Each structure stands twice: as C-alpha cells, then as structure tokens.
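In UniProt numbering, the protein residues as written are 1 to 960.
We put the CB at the ideal spot given by N, CA and C, even for glycine.
All figures in this text were calculated on a predicted structure; none of them were measured in a lab.
Taking it in order: structure first as structure tokens, then the write-up.
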C-alpha cells in the first residue's frame, strides 16, 4: 500500500541522444527535437508501473505496499551552474540599473496620453522599430556583438551621462528625432534578458513584426477581424534601457510606474533565447506577471528557435523566490511588492506559470489560418507548456492539429510528419491511452525502417519509443526484444559507452527489472553507473540518474542499506549541483523516504515526504502531477503509522485533483481511487472500500479489457476487500482469475504471478483448505528461493505464510522451525526493532503458545509490545493486536490481564481475521495471536502484512 511511480530522468537521457541527432540532422522546426526522442529516455523506474509516459507519472496502486515511493525525475539541466551576474564582474562604479523614472507633474500635451498619463511617464517612452535599425547600425552593435548590458554601459550611459537622464529624452529634445518616440501612440512592452546579445533580441522582435506574421496575429479583440499591417515607423517598442533613467537608484513608486507601462502597452513580448533566460530573471518575471494580471492575450512569448529541453528546464525550475537580479535591492523591492499584492511568492509563481501556458495557447491562431513555420513553432511551444503544466487534453489537441497539417502539406511519411506522430503518441501515452500510442509508434517505425533503414538513428528512436509503450502495457517480452535490438545497434554504431548507448542500457534494465530478472538488470545498472562515473565523474549531474536507478533496483531486492547509501550520495551531489529545491531533488528525497519506510523508519520517512511536499507545492504547484505523487506517498506513510484520518484526507485530495486534471477514468485516477479504498479498508469501512474497488475494476475492464495485464491490480484489490469481509468464495474466484491471466501474460515464475499465488493460498487457508494452501505456498517458496535466494525478504514472506498453514494443521515443530528461520534473518537484515521483525516475533510466540510453551511465548509478546508501543503508540491497531495476543497467553497461564478498550481477544476470534475492523486484511490463526502476511514483508505500517499484495498501475508488484 505504498506508492505511485513514474520514470526517473527519462527526459534527461533523451537529451543526451538529442545532441547526436541534432548533429546528424537539421530539423526545420527546432522545438520538434525533444518529442522525436522519447524512447531514448532513461528507462529508470522508481516504483515501477512499467515504463510510464514521458510526461505523466504513473501511480502505484497502494491497496498494498509496492516497491517504492517515487515520482518522475525531471531532466537534469544541461548547465547547472548559472552564469554569474554581470554586476559581479564589473567595477562597482559602473553598475547598471533597470531603473524607472518617477512620474513627473507636467500637464499632458498634444499627443494622446496613455490612459491619462503625463507626458514624462515611462509608458510614453517607447521607440520606433525604424529608429532602432538606424541606432544599431550607427553604433555597430552587430559587429561588436554587444549584449544589452554592454550596449547600455558602452553606449546609452555615456551619451546620457552629462544630463543624467533617460535616453529617450535626448530624442525628444531633438526635433528631427522626436518622431521616433511613442509619446502616447500604441506600443509593445519588450521583456528580455540583459545578458543576451541585443541583436538576438532585436531579430526576434523584427521577426514578430514581419508583415507575414502580423497578418497572422494582429487581429481585433474578438479575433474575427484582421488589423492593418504596421510598418517599421509605426511599430513602437518599449525597451527599458532607453525608457528608464540608468543613472539613479530605484525610488518609491517606480514599480507602480512599471505596472502602468505594462498596462498601457498593446501587449508584452517576452523574448526567450534558446536557454529561456528571461524566465530566470526577477525583472522579466515581474513584467510577465504584471502582464498576466491584465489577461491571457496580453503576454506573448517570442520563442523562435528555443529548444524544448531548455524550455522544460526553465519552466519547471521557475520560482520567483530564487530568480536572479543583478542588484539585490531591486529583487528585495520586487519581492516585497509581490508579497503585498499576492500574500506569498507561491501564489505569484503559479499564476505566472499558468499565464505563460495561457499566453502560449492564446498565440496559436485559428485552424483557418494557413500553415507556416511560425505557426508550427507557436503550436509546439504551446503544446510543450501544456504538457509541462499537466494540461494533456490541450496538448493532445494541439499535436493533432500539427499532425493533420503536416500530413496534408508535407505528406504522411515526411520526417516532420513522423516527428509529429511521436509528439502525439507521447502525450497519448501520458494520458494512459496506450493502444492509440502503440499504433502511432508502429506507424512511425514502419515508415522509418522503410525510408531510412533498420539502423538509422531515427529508426532506433522509434524502436525505443515502441518498446516503451509496450513496456507500459506489460508486454515485456516484446519490449525486451526491441530494447535489445536498440542496444545492440547503438553499441555497434555509437560505441559501448556513448551516452545514447547508456540510455539503451538503462531502458533494457528497466524491462528486465519488471520481469523479475534482477541479476541481469543489476548488471546493466552497474555497467551504466560505472561508465558514467568514469566519463563524467561521480559528482556530475549526468551521473545522478544512474545512481538513482541502481538504488531503486537495490531497494526492490530488499538491499535497503545499499539503496539508502546510493540515494544519500545522489541527494548530496544533487543538492550541491542543482540546489535543495530542484524538482529532481524532490524525487530523490521521495525515493530515500521510501527506503526508510521499508526499513520501518516511518517518522524519518514522514519528515522527508513533508519536506518534499512543501517544496513541491511551492515550486510545482499544489495540483501538479508530481505534487500529487508526493501527497499520495505521504498519505501512505501516515497510513502505515495508523494515522488513518490524515491519510484519508490526503488520498481524497489526490483523488479529487486527479479526477479534475486527468479525468475520472484515467489510469492515474483509478490508482487514486484504489489508494482511497485502501485507507478506508484499513479503517474497517469495508463497504465503502468495496464500492471504490469495484469502480476501478469496472473501468479497467471496460477500457483495457478483462484479460489485460493492467486490469490485474483492480482484480486483486477487490479480492482483498472481499476476503476481509469474509466473502472467501468470491475472493478466491477473483484471485484465480488474476492468477490465470498472470500466468498467461507474465509466466508461472514471474514475481507478480507468485504474489497472486500467495494471495490465493491465503484465502484458501481462510476457507480451511490447508492442503491446497500448503501446496501453493510451497510452489511460491521453491521459485523464490531459486530466483531471489533463501534470505531475500520476499522469500521470508512465503516462509512466514507456509509456517502459518503448517501451524493451522497442527504441524507445530515444522512451523516453529520456519518462524525461527524468518526471525533470525530479519533481525540480522532489518534490525531487532523493525516491524517485520516484530511480526516474526509475534508469530513465533503464537506457535510456542500452541505447544504449551507459555513462558517463552509471553516473553516474546512482551518484547514485541514494548517496541510497538514506543514506535506506533499504545492505541495503534497493531499494538492492540499484540496486547490481545499477550492476554491470551497470560490467561492460559492462569493470570488475569485487564485489556484496554478496543483490543481484540484473539482466543475468541478463532480461525478468522484477527482485527478485521481495526486493521486491514490481518488474520489470526486458530491458536490465536498469529499474524499472517501478504506478499509484502517489508515496510508494513503496523508490522503486520495483509493477506494480499501490492499492486501498481500496471499490475501486481511485490514490495521488498
């Protein structure tokens, strides 16, 4: 009952191959590059619902514990060390300010004032595009390759030094130049980064006002009527270095004046360079925020040539609180103004992100507009931002429009059309529409194989893309075959240690891991990490994905100490390189918390999840898919501690947001449905839980089909609640259905199949069919000992359950031997106070009691009770179970123990679930006091495991 999951650093590793692809092929539409390469992503899965989408986050069904608590890691930035502010490289006397002139008190003159502004107001200080052309030519700005800051320092400030005025004042005082200042005429506010070459900024502005482009975007407010095209003499643009006096400090009222200039402008044009620098600067963000408050059409993004990888990086990292400013006092004043208006920086950050998305969508012209490269880039930018903000429906609509246009204009097999197919397939996969995504990926692969050849790099991208979606559907054999093809070709073409090859290694490791082929997967993970350590260095940000991936695999295998060490390594390096609140760091924190949870360190795990949630809400937003993942993870660790009310509130919040954002039948939403059902079941609200589980199963049956691998979790979950209600026949029927499907799809020895074998054995046990239950447990134990080893924690779960069924048949000596085996290993691996260790102590006590060894049994119960009371509290259901068990032992010894209210007398329960209404799916043996385990062993909240298993969005999964 643990977590949601998603892929780790898939987008980051996609970047690595992107470099190679770009060198080999020059694409017409720059933004296209990112989407064309999803399959080259890192197949790093943290808490695997197998290979989920490149955008979304699959969520582990938490009706029982699953292997990890994690979310998708956003790509590690290509450049993680921000450029030092130029002010730090200048002599203090030459500091340049983005300053605003305080409004004067002179009355209006002949020109129309902007909203009644006086003639000296900054909003009347825009310059014409025609004059700008003359200006840059005169001062040889292009030849000198001046940044805006250098232009200000070397040209603007010297020319205005004597008068200590703004530059436009010089123009106004020259009769021949005054015409080039707006003085109340319509103008456009330019938001740009001073660190970029000024000619780069001007080129984007020129392109925006090119006649062909104006015909597309210059329309009436209702969008129905085209407006006349403006010539350069009538295009006025507001640049801060010309409109603001650069010789005086920021003064009271300056920010208000800036807001008024933004309000008076026809629109704000945010010029994004290839690195998206303005989204990292406090002045630009403040200008964009001021624009967003007026309306979505006010802010327009000029993103010609920006790469999606960089846009993704800066958009996700966008945080007003950490934005850069050259002058510290400027940032302090801006932040003070924001907090005064919005109450918190959080609110502004989310409003700004939403405004950027809305602004990008508003820039996309209607379908009746003829297709142009500019429209292509506008659609790609808008679709990319929609994807990043979790607005998948809008992203899908935009990608469908792009695909239809390219098919019509370029043809169905043009390289750009095939890229559009990939775009659309990826966003469909993000929404869980795997069948549609598979069809599109197959179409792209077939075309590329025919046109480009079997081993062309673009063909290999499609091979990996298709493997990814097959993996997501649980078609592991097919996915493995394709990933091996990709890896073999990459090794031959690129070399064994090329970044693209390492991505292929990781992808193959992922699918092997999901098939339970842990040894093979670990070999590949270690090969990947070893190569990155050698090539990039152990502290390089490019090595972090590999560290995280190996740590997750070790976690799955129950090697918690090694996993925790690697996560700590990744966290330490990540915080040093990326900062403590980078989205990637939040993922690593969540993964580390999950390992702590598996080790029974619930308080520490809860603290880490709370830290991740607080940062996620502030940085990503309270409704971002990654934030919802953290909410679910926190709810799960609270549930493990018996804090059911808090866990239920969080699961309800997650479900409500998922229904609103993803839709009521999205796979991620159905996982949230099961999560809520899980905590209701733990509280004994079995009818409510059953209703939710049935909703999930009915939707899965309808959408995926009753025999689909993705439907198995819902079948299993419903069986668990029926079993908890004592409806053993119905539960057994569902388990048999799940087992038949799992054996057919995954094979008889797949770890998930063994989970269902164990679950079916448990319900047969509840029906008193001990011989059949024993046979099934022995089958599962034999396979697990061979594949995982005699001391693997998953193996010990079966040891525990086999001991129970032997005890139920009166084979006490055999049962005692198995209980002692499990206890000995758990004490050594997990520690004497881990809750799974306490399970073994209680179970051993139960069989000793059954043999009449009351003194030994009472000592063991006392030991378990003491630890449980300290860790979980005296009122926790798991604690009350031990109180009850100890009471029966003392009564058998002739002693009287006053039991607390609410505890259950196990001797009275007989062969039923021990605390059905207090604890989820927990059973007592005929002798009383035995705790039966589901296929979960580690990480149980109360130290007791349910009679069923963990499931994920993609299928059943064993928790380590």
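Beta-bridge pairing of residue 292 - partner residues as DSSP gives them: Here residue 292 refers to the residue found at position 292 of the chain shown. Bridge partners of residue 292: none, in fact.
Continuous alpha helix (DSSP H) assignments of at least 4 residues falling wholly in the stretch 322 to 401: Listed in chain order, the complete alpha helix (DSSP H) runs (minimum 4 residues) inside the stretch 322 to 401 are 328 to 342, 345 to 362, 373 to 388.
Euclidean distance between Cα positions of residue 805 and residue 781: To locate residue 805, count along the chain shown from 1; it is residue 805. To locate residue 781, count along the chain shown from 1; it is residue 781. Rounded to the nearest angstrom, the two C-alpha atoms are 13 Å apart.
Cβ neighbours of residue 427 in the same chain (closer than 7 Å, five flanking residues each side left out): Locating residue 427 in the chain shown gives position 427, counting from the first residue. Excluding its 5 nearest sequence neighbours in each direction, residue 427 has C-beta neighbours in its own chain below 7 Å: 55, 387, 392, 395, 396, 399, listed in chain order.
Validate contact between the stretch 139 to 146 and the stretch 266 to 284 using beta carbons, cut 8 Å, 3 pairs: Judged by Cβ distances under 8 Å, the stretch 139 to 146 makes no contact with the stretch 266 to 284, as fewer than three pairs qualify.
Supposed contact pair residue 302 and residue 356 - C-beta distance, whole angstroms, cut 8 Å: The residue you call residue 356 lines up with position 356 of the chain shown. The residue you call residue 302 lines up with position 302 of the chain shown. With a contact defined as Cβ atoms closer than 8 Å, residue 356 and residue 302 miss out at about 13 Å.
Status (buried if at least 16 other CB within 10 Å, exposed otherwise) for residue 640: For the purposes of this step, residue 640 is identified with residue 640 of the chain shown, where counting begins at 1. Buried, because 16 or more other Cβ atoms sit within 10 Å of the Cβ of residue 640.
C-alpha distance - residue 183 paired with residue 584, whole-angstrom precision: Against the chain shown, residue 183 aligns to sequence position 183. Against the chain shown, residue 584 aligns to sequence position 584. Cα-Cα distance, rounded: 48 Å.
Nearest-angstrom Cα separation, counted from residue 422 out to residue 429: Taking the first residue of the chain shown as position 1, residue 429 is located at position 429. Taking the first residue of the chain shown as position 1, residue 422 is located at position 422. Just so you know, the alpha carbons of residue 429 and residue 422 end up roughly 10 Å apart.
Cut-off 6 Å between Cβ atoms - residues of its own chain near residue 604, not counting five sequence neighbours on either side: By 1-based counting over the chain shown, the position of residue 604 is 604. If we look at residue 604 and ignore the five residues flanking it on each side, its Cβ neighbours are 596.
Proximity to residue 230 [Cα-Cα], best of 129, 826, 771: Here residue 230 refers to the residue found at position 230 of the chain shown. Answer by Cα proximity: 129.
Nearest candidate by alpha-carbon position, reference residue 216, set 645, 797, 365, 815: One-based indexing of the chain shown puts residue 216 at position 216. If we check each option's Cα against that of residue 216, 365 comes out closest.
CB contact flag (residue 657, residue 628, <8 Å): Locating residue 657 in the chain shown gives position 657, where the first residue counts as 1. Locating residue 628 in the chain shown gives position 628, where the first residue counts as 1. Yes, Cβ-Cβ distance for residue 657 and residue 628 is below 8 Å.
Presumed contact (8 Å Cβ cut-off) between residue 448 and residue 459, rounded CB distance: As a working mapping, residue 448 is identified with position 448 in the chain shown. As a working mapping, residue 459 is identified with position 459 in the chain shown. Between residue 459 and residue 448 the Cβ distance is about 4 Å, and since that is below 8 Å, they are a contact.
Buried/exposed call for residue 854, threshold 16 Cβ in 10 Å: The sequence position of residue 854 within the chain shown is 854, counting from 1. Taking a 10 Å sphere around the C-beta of residue 854, we find 16 or more other C-beta atoms and assign the residue as buried.
Cutoff 6 Å; reference residue 529; Cβ partners in own chain excluding five residues on either side: The residue you call residue 529 lines up with position 529 of the chain shown. Closer than 6 Å at Cβ, skipping near neighbours: 546, 550.
CA-to-CA distance, residue 291 to residue 361, given in whole angstroms: Along the chain shown, one-based indexing puts residue 361 at 361. Along the chain shown, one-based indexing puts residue 291 at 291. Taking the CA atoms as reference points, residue 361 sits about 15 Å from residue 291.
Beta-carbon proximity of residue 416 to residue 451, cut-off 8 Å: Mapped onto the chain shown, residue 416 falls at position 416. Mapped onto the chain shown, residue 451 falls at position 451. Judged by beta-carbon spacing, residue 451 lies beyond the 8 Å limit of residue 416, meaning their Cβ atoms are not closer than that value.
Sheet register partners of residue 241 (DSSP bridge): Counted from its first residue, the chain shown places residue 241 at position 241. Paired residue(s): none; residue 241 is not in a bridge.
Contact set for residue 683: own chain, Cβ-Cβ below 7 Å, skip 5 residues either direction: Within the chain shown, residue 683 is the residue found at index 683, counting from 1. Excluding residues within five positions, the ones whose Cβ falls inside 7 Å are 644.
Where residue 713 falls, given that 16 or more other Cβ within 10 Å makes a residue buried: The residue labelled residue 713 in the question sits at position 713 within the chain shown. Burial state of residue 713 is buried, judged by a 10 Å Cβ sphere holding 16 or more other Cβ atoms.
Closest residue to residue 137 among 235, 778, 155 (Cα-Cα distance): Numbered from 1 along the chain shown, position 137 holds the residue referred to as residue 137. From the listed residues 235, 778, 155, the smallest Cα separation to residue 137 is found for 155.
Which residues DSSP lists as bridging residue 188, in chain order: Position 188 of the chain shown, counted from the start, is the residue given in the question as residue 188. When beta bridges are read from the DSSP output, residue 188 appears opposite 237.
Beta-carbon spacing of residue 670, residue 652 below 8 Å: Here residue 670 corresponds to residue number 670 of the chain shown, with the count starting at 1. Here residue 652 corresponds to residue number 652 of the chain shown, with the count starting at 1. At least 8 Å separates the beta-carbon of residue 670 from that of residue 652.
Limits of the alpha helix (DSSP H) - the one that residue 981 falls within: Outside the displayed range of the chain (1 to 960) lies residue 981, so it cannot be described from this structure.
Residue nearest to residue 503 in terms of C-alpha spacing, selected from 490, 514, 512, 515: To locate residue 503, count along the chain shown from 1; it is residue 503. Of the candidates 490, 514, 512, 515, the one whose C-alpha sits nearest the C-alpha of residue 503 is 490.
Strand pairing of residue 268, partner residues [DSSP]: Taking the chain shown and counting its residues from 1, one reaches residue 268 at position 268. DSSP output for residue 268 lists 189, 299 as bridge partner(s).
Within 8 Å, strictly: CB atoms of residue 752 and residue 760: In the chain shown, counting from the first residue as 1, residue 752 sits at position 752. In the chain shown, counting from the first residue as 1, residue 760 sits at position 760. Not a contact, by the Cβ cut-off of 8 Å.
Every unbroken alpha helix (DSSP H) inside the stretch 801 to 832 [4 residues or more]: Counting only runs of 4+ residues, the alpha helix (DSSP H) found wholly inside the stretch 801 to 832 occupies 812 to 829, in chain order.
Buried/exposed call for residue 317, threshold 16 Cβ in 10 Å: Locating residue 317 in the chain shown gives position 317, where the first residue counts as 1. Residue 317 is classed as buried because its beta carbon has at least 16 other beta carbons within 10 Å across all chains shown.
Residues that residue 147 bridges to, as DSSP identifies them: Looking up residue 147 in the chain shown gives position 147. Paired residues: 197.
Top-ranked residue by Cα proximity to residue 849, from 808, 544, 191: As a first step, residue 849 must be located in the chain shown, where it is residue number 849. Looking at the Cα atoms, 808 is the closest of the given residues.
Spatially closest choice to residue 975 from 476, 435, 213, 254, by CA coordinates: What the structure shows of the chain is the stretch from 1 to 960, and residue 975 is not part of that stretch, so it cannot be assessed.
Contiguous alpha helix (DSSP H) assignments of at least 4 residues, all confined to the stretch 748 to 803: Counting whole runs of 4 or more residues, the stretch 748 to 803 contains the alpha helix (DSSP H) stretches 751 to 766, 770 to 787.
CA-to-CA distance, residue 279 to residue 352, given in whole angstroms: Position 352 of the chain shown, counting from 1, holds the residue named residue 352. Position 279 of the chain shown, counting from 1, holds the residue named residue 279. As the crow flies, the alpha-carbon of residue 352 is around 10 Å from that of residue 279.
Counted within 10 angstroms of its Cβ, other Cβ atoms place residue 409 as buried (16 or more) or exposed: Indexing the chain shown from 1 puts residue 409 at position 409. Exposed: under 16 other Cβ atoms inside 10 Å.
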